[in-house]
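Chemist:
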Amino acid sequence: MAREVAMSDTPLFDACGVVGVGYEGLDVFQFIEKLKKDQVSLLVDIRKTPISRKPGLSKTRLSENLKAVGIEYKHASCLGNPKWNRPGFSGDPRELEEARSTYSKLMQNNEAKQWIEWIAEQAMTRTVALMCFEACEERCHRYVTIREVRDRIGKLATA
């Protein structure tokens, strides 16, 4: 008899190999288990400043912990959301849309575009996770970043 799979057992894959992940509410061990379950082989940290009050989730320690389980770590500070734009992501629908629009405009520099291109290329052959703190992706700049990567993957796939 086949095992019934609960929704929580389903990996967060999508067709293009890019997923979003937030560590809010998780310790480093739970976070890494989630990545392993989703078969992530590359984690791109898109926090502006890769530090955390949670043990093991700041850049150096996280990178070491991920390396120990075979997950590559990269930090892309240029894809981080500036502190002054963050309140809008927890605001009402109008504020949320404004914060997303502002962040999207901030991503139009060459460095951010190069990172989006690189992430898209990586996601063509492996599962890439874009990481920030917030658990709710719709309330995080990851939402915008992932859509930018997916758009780029679509262009690469049809080139």
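When you line the sequence shown up against our numbering, it's residues 1255 to 1413, in that order. Yeah, the Cβ is synthetic: ideal placement off N, Cα and C, and Gly gets one too.
So the beta strand (DSSP E) aspartate 1299 belongs to, where does it begin and stop?
Modeler: The residue given as residue 1299 occupies position 45 in the sequence shown. From DSSP, the beta strand (DSSP E) with aspartate 1299 extends over 1296 to 1299.
Chemist: Does the distance between the C-beta of aspartate 1405 and the nearest non-hydrogen atom of the ligand GDP fall short of 7 Å?
Modeler: You won't find the ligand GDP in this model; it holds no ligand whatsoever.
Chemist: Does DSSP put valine 1323 in a helix, a strand or coil?
Modeler: Walking along the sequence shown from the start, residue 1323 turns up at place 69. Three-state DSSP puts valine 1323 in coil, outside helix and strand.
Chemist: Does alanine 1383 come out as helix, strand or coil in the three-state DSSP assignment?
Modeler: Position 129 of the sequence shown, counted from the start, is the residue given in the question as residue 1383. If DSSP states are grouped into helix, strand and coil, alanine 1383 belongs with the strands.
Chemist: Based on the DSSP output, what are the partners of histidine 1329 in its beta bridges?
Modeler: For the purposes of this step, residue 1329 is taken as the residue at position 75 of the sequence shown. According to DSSP, which records beta bridges pairwise, histidine 1329 is partnered with Asp1299.
Chemist: Taking isoleucine 1373 as the reference, give the member of Lys1290, Val1275, Ala1411 and Arg1406 with the closest Cα.
Modeler: What you label residue 1373 is simply residue 119 of the sequence shown in a count that begins at 1. Isoleucine 1373 has its Cα closest to that of Arg1406, out of Lys1290, Val1275, Ala1411 and Arg1406.
Chemist: The beta strand (DSSP E) with glycine 1276 in it runs from where to where?
Modeler: Within the sequence shown, residue 1276 is the residue found at index 22, counting from 1. 1272 to 1276 is the span of the beta strand (DSSP E), which, as asked, contains glycine 1276.
Chemist: Can you tell me whether DSSP reads asparagine 1364 as helix, strand or coil?
Modeler: On the sequence shown, residue 1364 is found 110 positions in, with the first residue counted as 1. Helix at asparagine 1364.
Chemist: Which residues bound the alpha helix (DSSP H) around glutamine 1293?
Modeler: In the sequence shown, counting from the first residue as 1, residue 1293 sits at position 39. Looking at the DSSP string, glutamine 1293 is not in any alpha helix (DSSP H), and its letter there is neither H nor E.
Chemist: Taking the beta carbon of aspartate 1346 as the centre, do at least 16 other beta carbons fall within 10 Å, making it buried, or is it exposed?
Modeler: Taking the first residue of the sequence shown as 1, we reach residue 1346 at position 92. Under this definition aspartate 1346 is an exposed residue.
Chemist: Once you ignore the five residues that flank glutamate 1349 on each side, which residues in its own chain have a CB closer than 6 Å to its CB?
Modeler: For the purposes of this step, residue 1349 is taken as the residue at position 95 of the sequence shown. Counting only Cβ-Cβ distances below 6 Å, and skipping sequence neighbours, we find Gly1342.
Chemist: When DSSP labels each residue in this structure, what does serine 1355 get in the three-state scheme?
Modeler: Taking the sequence shown and counting its residues from 1, the one referred to as residue 1355 is at position 101. Of the three classes helix, strand and coil, the one that applies to serine 1355 here is helix, per DSSP.
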